[in-house]
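Going by my numbering, the first residue of the sequence shown is number 58, and it counts up by one from there. Yeah, the Cβ is synthetic: ideal placement off N, Cα and C, and Gly gets one too.
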Amino acid sequence: MAQQDRKRPFQDGRQPSEPDNDGSGGNFTSNSWILYILLALLVVQIFFYFNSSSAEQVSWTEFKQEMLANKDIEKITIVNKETAEIYIKKDKLGQGRYNKIESGTEGPHYTLNIGSIETFERSLEEAQQGVPPEERIDVNYISRTNWWGNILSWVVPFAIIIGIWIFILRRIRPGGGVGGGNNIFDMGKSKAKLFEKGQSDVTFDDVAGLEEVKVEVKEIVDFLKNPSRYTRLGAKIPKGVLLVGPPGTGKTLLARAVAGEASVPFYSISGSEFVEMFVGVGASRVRDLFKKAKQNSPSIIFIDEIDAVGRSRGKAVSLQSNDERENTLNQILTEMDGFGVNTGVIVLAATNRGDVLDRALLRPGR
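And the structure:
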């Protein structure tokens with residue numbers, strides 16, 4: 058990278074316009090998940106409400122002494138050998154014990170849990186001893202399948218498990234910028250913020266001093282706007298520019314000015330955002346970042362505090378033989394001038410620790 062030493066201070070307090078960042082295609086919030094869970098519970102409740110019988114449940118004693126003894130029962134239907142549905146004679150409805158049941162109601166009017174069907178048949182036979190056969194209660198047997206109940210009994214538990222699983226995955230995934238997403242499967246996606254034309258209101262006029270530096274950076278911006286003017290003369294644009302200087306000298310502000318002046322996509326990311334606790338994430342994010350930049354070329358990539366990943370290799374504090382930061386730096390170098398061609402993509406980096414950067418990163422031509 059070509060280096061620019063910056064020592065003169067600046068005076069400016071404005072911040073660039075942040076792009077609207079809603080993740081990768083609109084992510085659900087935790088409130089949305091709560092809403093969906095409540096909606097699912099409501100659906101289940103409505104289902105059981107409409108599928109549950111409105112008939113009152115009675116005991117065997119009530120059935121025998123109050124209904125059977127008074128000959129109020131028209132018929133009995135045994136459902137799935139578990140429940141007896143009791144139908145009261147229509148002329149008995151709306152009066153006496155059945156005054157709460159409107160006359161003409163089809164029924165069933167009451168239900169009775171029979172337990173064992175053999176026991177129920179034997180008890181019913183004993184209760185009707187002495188009753189002429191033509192006056193005995195007509196008993197029917199039917200099988201009834203509750204399809205919705207069977208489906209929900211499988212779907213609801215799985216839906217709850219999947220919902221909890223997705224919630225956990227979203228909780229362990231830190232939020233990111235454009236392309237970062239909130240999904241664990243997007244862990245290797247770039248978290249760079251994308252500044253389109255007009256999203257940054259900082260210009261070169263807002264940078265106090267630094268005239269020589271601004272001239273060189275303006276040439277790079279102009280090359281991206283009018284490449285034919287330079288290529289016609291055989292000029293070659295640097296692949297990258299490194300801004301080096303103490304904190305507060307305007308490195309980041311100058312990058313914001315580039316975003317405001319350039320009419321090309323401007324990707325901004327911090328060096329620390331490449332590295333996570335998972336091995337291989339840094340290199341994957343570098344590949345994804347350069348892939349997006351190439352797809353939208355000409356474009357500019359700005360890496361702030363590049364010393365977070367650009368330290369000299371072999372001097373890392375970590376005792377691991379395969380340091381994640383070294384892998385990230387190797388991928389950055391490969392993307393910049395490996396076997397591939399990065400026409401129209403310029404890397405702009407800033408650091409206040411130029412003395413610790415890897416020599417390959419400072420090599421002329423980068």
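From the listed residues L226, W222, A316, I225, the smallest Cα separation to D263 is found for A316. Distances from the alpha-carbon of A406 to those of R420, I143, G328 put G328 closest. V278 sits in a helix when the DSSP states are folded into three classes.
V115 and I94 have their C-alpha atoms some 35 Å from each other. The three-state secondary structure of Q185, taken from DSSP, is coil.
In this structure, N409 and P322 do not form a Cβ contact; the two beta carbons are roughly 26 Å apart against a cut-off of 8 Å. Going by beta carbons, L290 and D364 fall outside the 9 Å limit. The beta strand (DSSP E) runs lying completely inside the segment 297–341 and spanning 3 residues or more are 297–301, 323–327, given in chain order.
In this structure, R154 sits near D129, with a CB-CB distance shorter than 9 Å. Cα atoms of R193 and A184: separation of roughly 10 Å, rounded to the nearest angstrom.
Excluding residues up to 5 positions away in sequence, A141, F177 lie with their Cβ nearer than 6 Å to the Cβ of I171 in the same chain. By the neighbour-count criterion, in which a residue is buried when 16 or more other Cβ atoms sit within 10 angstroms of its Cβ, Y198 is exposed. Beta-bridge partners of I199 (DSSP): V136. The beta carbon of V332 lies closer than 8 Å to those of V338, G339, A365, V366, E381, R382, T385 in the same chain, with the five residues before and after it left out.
In the DSSP assignment, D361 falls within the beta strand (DSSP E) that extends over 356–361.
Spatial neighbours of E123 in its own chain (CB-CB distance under 7 Å, excluding positions within 5 residues in sequence) are listed in chain order as R154. Bridge partners of F177 according to DSSP: none are assigned. Counting along the chain, the unbroken beta strand (DSSP E) around T168 starts and ends at 167–170.
Rounded to the nearest whole angstrom, the C-alpha separation of G266 and V301 is 16 Å. In this chain, T391 is not harboured by any beta strand (DSSP E); it is covered by the alpha helix (DSSP H) spanning 381–394.
Burial of I326 is indicated by the presence of at least 16 other C-beta atoms within 10 angstroms of its C-beta. A direct Cα-Cα distance of roughly 52 Å separates V298 from I217. Nearest to E318 by C-alpha distance, out of E253, I223, K146, H166, is E253. Assignment of beta-bridge partners to T408 by DSSP yields V301. When the beta-carbon positions are compared, L310 and V270 stay at least 9 Å from each other. Excluding its 5 nearest sequence neighbours in each direction, S369 has C-beta neighbours in its own chain below 6 Å: D415, listed in chain order. As the crow flies, the alpha-carbon of P295 is around 26 Å from that of D258. With contacts defined as CB atoms closer than 9 Å, W90 and G220 qualify as a contacting pair.
With respect to A249, K349 sits close: the two C-beta atoms are nearer than 9 Å.
Taking a C-beta distance under 9 Å as the contact criterion, I143 and I158 do not qualify as a contact pair. In terms of CA proximity to K149, E163 leads the group E163, S180, F224, E139. Note on geometry: alpha-carbon atoms of G307 and D361 lie some 12 Å from one another. Taking each of N156, V136, V188 in turn and checking the Cα distance to I174, the smallest one comes out for V136. Within the same chain, Cβ atoms closer than 6 Å to the Cβ of E131 are found at Y144, K146, the five residues on either side in sequence being excluded. Annotation for L419: the continuous alpha helix (DSSP H) segment containing it runs 416–419.
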